[in-house]
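Working notes, structure below.
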Amino acid sequence: METYKCISGDSITIGFLLTDYEMANAESFSVLIGGVQYDHEIVDSMVRVRLKSEETAKIFGCKEVLFAVDDVSFGVRNVVTGIINFDKKFTKLINPSANNSYNVTFALTVTPTAITVDSVLYDYVKGDKGDK
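Quick note: the sequence shown uses the numbering used here, first residue 260, plus one each step.
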């Protein structure tokens, strides 16, 4: 299982790229980090969770990242996609800033029987030319 390291207090963004999945079939998505559910937004075929500095400042240690989809046809499917290790180093600069790039991107395949992690990208920045 992949582990991403960051410092508590960093602004981080996690993406879940759903390859070959019909997004219209999803009733809902859920992302939990260390058992805590976080808000997300959907951008094309990506489910994005943006954790602000003030949120990660409260998280310490290794936390599992769980992704779930509730599909109209096959119901709920869950997968632990990886682990984030929040290193307990403090900075005085803790605020509501967010990261606009992706620190971790999990490419996922969703089928009626399971969700599988195809690949993991770290510190991915989507450029203007690659949007098409």
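Note that beta-carbon positions come from the ideal geometry of N, C-alpha and C, so glycine has one too. Nothing here was measured: the structure is a model prediction, and the numbers come from that model.
| Item | Value |
| --- | --- |
| Could you check what DSSP says for Thr410 in three-state terms: helix, strand or coil? | No information on residue 410 is available, as it lies outside the stretch 260 to 391 that the chain covers here. |
| Phe275 and Met305: beta carbons closer than 8 Å? | yes |
| Please state the DSSP three-state secondary structure of Ala327. | strand |
| Since Met305 sits in a beta bridge, which residues does DSSP pair it with? | Leu276, Val302 |
| Leaving out five residues on either side along the sequence, give the residues of the same chain with a beta carbon under 6 Å from the beta carbon of Lys322. | Ile292, Gly293, Ile343 |
| Please report the straight-line C-alpha distance between Ser356 and Ser332, rounded to a whole angstrom. | 38 Å |
| Whole angstroms are fine: how far does the CA of Phe365 sit from the CA of Asp269? | 19 Å |
| On a CA-only basis, which of Ser312, Ile318, Met282, Phe319 is nearest Val302? Give me that one, please. | Met282 |
| What do you get for Gly341, buried or exposed, if any count of 16 or more other CB atoms within 10 angstroms of its CB means buried? | buried |
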